[in-house]
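Chains as they are written, first to last, in UniProt numbering: chain A, 1 to 502; chain B, 1 to 502.
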């Protein structure tokens, strides 16, 4: 007989794990945000071979602190300002725990009616909270589904767009390489990955120029690119517009892009992975103008809406088209409910077959916080980012380098700070590239020093070809004092940077 | 301020959720395996709109029992014999809980060193437990990664195979539709889905004939198909061999298939989604002969190895080729660790970018059970299936219709039982198709009646074009008494079937 954990053992060990997590969250502020061990350190603390005999649970739990924790990048840390937030919350973890305990595999309605229906209703709730167009709701022709990530949502959108553009041949005969996908130069790498996976190749992705000030897609450039491709015998198939680009949270002009898509019959997918959460606040909903043009839309509650990874919410305006693109029905999955046509089988809405009961964590989060609690969380992030941007602007050594409508601020040292250069307002002299490289190095070193304190973590990007720092707010534990500490560490490091003579 | 759940609130509510799960597991045997509510019942119990204000946690938890539970297909029920098992266990749920609490997003080594390194070591541990070829281990040129499902593993294998066969053009220029993928007529629907997603179209999948007795791929037919395609100017690119097909757990002859793949330079992916777990038992490892030919291999610990969905373990023999196929490196993901080449960034091993810390549940399971505990679990499943098959064989009304090397038994009523037909040993008379239809109907009705008891759940497939019942054992709660009850219900239902006169 296998040594299965009894329900009573689970009760005891489960309480201990819950306590461990509560203690972990309470201790986050005392931990360095980033681990400092070199690669291989965690692996070196693990035996090379699995145990032959079962171990006591207390030993396993104890190893979390000694083996695992020193190698964890603490994404939930109040000083974690890297990438985009991927924050969770108590209700999310508990919803996920219920899901793990139920162990439902909801590939079909019949293998998980509750898994399916709670998901449908939660996606309708989210559509309501974000005030998405009615066409995305399950009560009309559209509908929402949870994908693991915005990458997968983009892939699915590209596949349905190919199915539509291929006139029914794509499913059976495969993709024609004449299809082209458009996004801005600031579009996410997942768009190129989707094109590659779908068999179009990287060359099928046209990166459209952006407005240099806002870094948002230039609709005239999009129109020109589509026109040129059509003239060359290529098939413009999908545009991926972004609300809140990864680099700087630029907002593409969806209304203008949508008109062009409509005119040319091109699928419009809107990727609001990070910034979609902002639309729960009426005062930020202007960023979502033009969604009525979209064939599909997604955002990640697992980024800024306190729902643990993975939970991307993806909607299509026409669910029949999506299902037609992806469905395959082998005998062993046939069942009366599916054949009645009265139910949703979410396996046909995604790449994998199996699926977890992910809507539970969303249900728990939406109910625990309520709409007003979620709005308060988003507003806190925006306010803290505003505060931080104000401090940056007030320090002449620094500049804010892009609009910051949400909770991300992009900034950097100006030329002349810590680089041995005294600044050159027009930046046109012959030495400019050398000096840019110096400024880049200074910003990179600044970032290393700030992150090296272990108190905060920021990441970088490039804006105008220049090394730029990013500070993204999102953790439920982040208060003004943490953002202020980040700014203090940044200014101290800037002051301490060695003066370089190029 | 948002109403974030404090660590102390989490502690309290977390204990309550753990208790709820323990009680749920204890009560499984008293619940009907399948819900009986019609479609829409769960949705009807939910408000149409999200709450404006946050709710008490106790109310949310209480709704689990009233709103959700009546709509749950209880995959962990001891009487759940449908599909393949997708079983979890206490240690798996607790490992997953820690993962949710840490909230790590391990797309890069640097965003989760522990997430990455524990995963690498766990996949090496699994390779050791299954005695996989050394070439799959991270200590050589290969390596393992957790995918969400075998479907995604198949897709990734197909993509790398296309990259290899395309000679470097696939990444940039897209797929040529001349590529062909081979699997048996019993291969999983995910192979067709992978071909469709990859832009090859359904027609690119060649379904190779099987041996009528074993339902395993006929290597001669594979060789003929590859030869014919080559002669027609097509490009045989990948073979997906299955160890434990979904329909009947047939085992394709991997040694013979591997030789053919080697001869023709075709990628060999071995899909052991369900049956891979059997290889932890030396006496069942014969089913894994020939893996030294495989370019990639996967199995699902989330099926039969007590690790909650999702957790597919996928290995490649050459990780450099995989990374080359799928990597894209935008500026905002650049970091020193990646550029050192000393670390694994698992985002390049999968379709999505983000990833959870899924190896924790595997670590907890492998340590709690130990190798001997896991072997005991697999052996229990095989023994119970053997017992069941014996009862079927001893009842002349029934037949076992395929080999059952693992824990799935395929069986059905013979002609002449409950169909008004007295049987026809050679089955050659003119009325045979009408009688087959009667027998199919009888088996379908039998299945409905048995499932209608609410005590057990079995699914069906077609074998030799005939309706066939499947009983798959896997739940940690399933004991001999549950399998015996299933058999009693089956025989009672068979006895009660109305006699039809065709």
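We treat Cβ as the ideally placed atom computed from N, Cα and C, and that holds for glycine.
Since the model is a prediction, treat every value here as computed from it, not as a measurement.
Beta-carbon separation (whole angstroms), residue i vs residue j, contact threshold 8 Å
i, j, result
"residue 411 of chain A", "residue 399 of chain A", "6 Å"
"residue 471 of chain A", "residue 99 of chain A", "At roughly 33 Å, the Cβ-Cβ gap does not stay under 8 Å, so residue 471 of chain A and residue 99 of chain A are not in contact."
"residue 333 of chain B", "residue 17 of chain A", "So it is not a contact: roughly 32 Å between Cβ atoms."
"residue 179 of chain B", "residue 162 of chain B", "6 Å"
"residue 290 of chain A", "residue 254 of chain A", "3 Å"
"residue 49 of chain A", "residue 372 of chain B", "Rounded, the Cβ-Cβ distance is 14 Å, inconsistent with contact."
"residue 279 of chain A", "residue 244 of chain A", "Wrong, their Cβ atoms sit about 10 Å apart, outside the cutoff."
"residue 131 of chain A", "residue 285 of chain A", "6 Å"
Cβ neighbours of residue i in the same chain (closer than 6 Å, five flanking residues each side left out)
i, result
"residue 166 of chain B", "none"
"residue 327 of chain B", "348"
"residue 112 of chain A", "104, 106"
"residue 19 of chain B", "none"
"residue 368 of chain A", "91"
"residue 429 of chain A", "Because residue 429 of chain A sits at a pLDDT of 49, beneath the cut-off of 50, its placement in the model cannot be relied upon, and the point is left open."
Neighbourhood of residue i by C-beta distance below 7 Å, restricted to the same chain and skipping five residues each side
i, result
"residue 497 of chain A", "418, 442, 445, 446"
"residue 313 of chain A", "123, 126, 144, 146, 298, 299, 301"
"residue 80 of chain B", "33, 74, 457, 475"
"residue 295 of chain B", "267, 268, 269, 316, 317"
"residue 357 of chain A", "99, 102, 104, 106, 112, 115"
Euclidean distance between Cα positions of residue i and residue j
i, j, result
"residue 354 of chain B", "residue 189 of chain A", "12 Å"
"residue 64 of chain B", "residue 39 of chain B", "18 Å"
"residue 448 of chain A", "residue 455 of chain A", "12 Å"
"residue 336 of chain A", "residue 461 of chain B", "14 Å"
"residue 29 of chain A", "residue 129 of chain B", "39 Å"
"residue 347 of chain A", "residue 338 of chain A", "11 Å"
"residue 233 of chain A", "residue 177 of chain A", "11 Å"
"residue 502 of chain B", "residue 437 of chain B", "Below a pLDDT of 50, predicted positions are generally treated as unreliable, and residue 502 of chain B, at 43, falls in that range; the measurement from the model is reported next regardless. In a straight line, the C-alpha of residue 502 of chain B is about 10 Å away from that of residue 437 of chain B."
"residue 319 of chain A", "residue 67 of chain B", "26 Å"
"residue 71 of chain A", "residue 89 of chain A", "22 Å"
"residue 493 of chain B", "residue 450 of chain B", "7 Å"
"residue 342 of chain A", "residue 325 of chain A", "19 Å"
"residue 44 of chain B", "residue 288 of chain A", "30 Å"
"residue 394 of chain A", "residue 387 of chain A", "11 Å"
"residue 459 of chain B", "residue 134 of chain B", "37 Å"
"residue 185 of chain B", "residue 192 of chain B", "11 Å"
"residue 435 of chain B", "residue 212 of chain B", "21 Å"
"residue 82 of chain B", "residue 83 of chain A", "42 Å"
"residue 553 of chain A", "residue 311 of chain A", "Residue 553 of chain A lies beyond the residue range present for chain A, which begins at 1 and ends at 502; the question has no answer from this structure."
"residue 483 of chain B", "residue 380 of chain B", "12 Å"
"residue 227 of chain B", "residue 256 of chain B", "16 Å"
"residue 183 of chain A", "residue 252 of chain A", "10 Å"
"residue 247 of chain B", "residue 490 of chain B", "20 Å"
"residue 415 of chain A", "residue 27 of chain A", "39 Å"
Residues near residue i in its chain [Cβ-Cβ closer than 8 Å; skip 5 each side]
i, result
"residue 195 of chain A", "158, 181, 201, 202, 204, 205"
"residue 21 of chain A", "93"
"residue 321 of chain B", "160, 163, 164"
Beta-bridge pairing of residue i - partner residues as DSSP gives them
i, result
"residue 267 of chain B", "B/238"
"residue 89 of chain A", "Paired residues: none, contrary to the question."
"residue 179 of chain B", "B/235"
"residue 151 of chain B", "Per DSSP, none; premise fails for residue 151 of chain B."
"residue 400 of chain A", "A/411"
"residue 315 of chain B", "B/144, B/297"
"residue 467 of chain B", "B/462"
"residue 217 of chain B", "B/210"
Problem set entry | Where the segment 290-320 of chain B meets chain A: residues whose CB sits under 7 Å from a CB there | 308, 309, 310
Exercise. Using Cβ-Cβ distances below 7 Å, what residues of the segment 353-365 of chain A are close to chain D?
Worked result: Of the protein chains in the structure, A and B, none is chain D.
For this session: Report the residues of the segment 52-80 of chain A with a CB closer than 7 Å to any CB of chain B, ordered along the chain.
Result: 52, 53, 54, 55, 57, 60, 64, 68, 71, 72, 73, 75, 76
Exercise. When Cβ atoms are compared, which residues of the segment 263-293 of chain A fall closer than 8 Å to chain B?
Worked result: none
Problem set entry | the segment 248-262 of chain A: positions lying closer than 8 Å to chain B by Cβ | none
Problem set entry | Short-range partners of chain A found in the segment 372-395 of chain B, where Cβ spacing is below 9 Å | 372, 373, 374, 375, 376, 377, 378, 379, 380
Exercise. Going along the segment 10-33 of chain A in order, which residues come within less than 8 Å of chain B, judged by CB to CB distance?
Worked result: 10, 11, 13, 14, 15, 17, 18, 19, 20, 21, 22, 23, 24, 25, 26
Problem set entry | Under 7 Å (Cβ pairs) to chain A, residues found in the segment 122-142 of chain B | 125, 128, 129
Exercise. Can you list, in chain order, the residues of the segment 186-212 of chain B whose Cβ is nearer than 7 Å to any Cβ on chain A?
Worked result: 189, 190, 192, 193, 196, 197, 198, 199, 200, 201, 202, 203, 204
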